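Q:
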Amino acid sequence: MLRSLPGHAGHAPTTAREQMQALLDTAQLALPEQRLLRLRLADLKREMHLENELQQREQRLKSLIEIERDLQGGVR
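Put into structure tokens, the structure is as follows:
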């Protein structure tokens with residue numbers, strides 16, 4: 061779970077997500093541990109969605125900037 065946290069030396073969210081899901085699927089965990097893993101997995105899913113949305117918006121902004129520059133006579 062620590063690998064899923066930004067700032068951790070071994071930060072690797074994709075690996076952490078896969079490992080946490082594998083634990084849920086195969087390990088006999090107590091209910092509190094199951095809940096904790098499910099919460100963190102939900103957080104990671106939300107973070108990934110927001111990161112993807114941010115990248116899409118940054119790309120749209122770059123495209124708009126290029127269009128505006130082209131309309132201003134190609135000044136770059």
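Residue 95 in the numbering used here sits at position 35 of the sequence shown, with consecutive numbering throughout. Every residue, glycine too, gets a C-beta built ideally from N, C-alpha and C. As the structure is a computational prediction, the values presented were derived from the model and not from experiment.
(1) For Glu118 and Ile125, what's the separation of their Cα atoms in angstroms?
(2) In terms of residues, what are the limits of the alpha helix (DSSP H) holding His109?
(3) Could you pull out every residue in the same chain whose Cβ sits closer than 6 Å to the Cβ of Pro92, ignoring the five residues on either side in sequence?
(4) Among Ala69, Pro73, Leu62, which residue has its Cα nearest to the Cα of Leu104?
(5) Classify Leu97: buried if its beta carbon has 16 or more other beta carbons within 10 angstroms, exposed otherwise.
(6) Using the beta-carbon count (16 or more within 10 Å), is Ala90 buried or exposed?
(7) Under the three-state reduction of DSSP, which class applies to Ala76: helix, strand or coil?
A: Based on what the coordinates show:
(1) 11 Å
(2) 91–131
(3) none
(4) Pro73
(5) buried
(6) exposed
(7) helix
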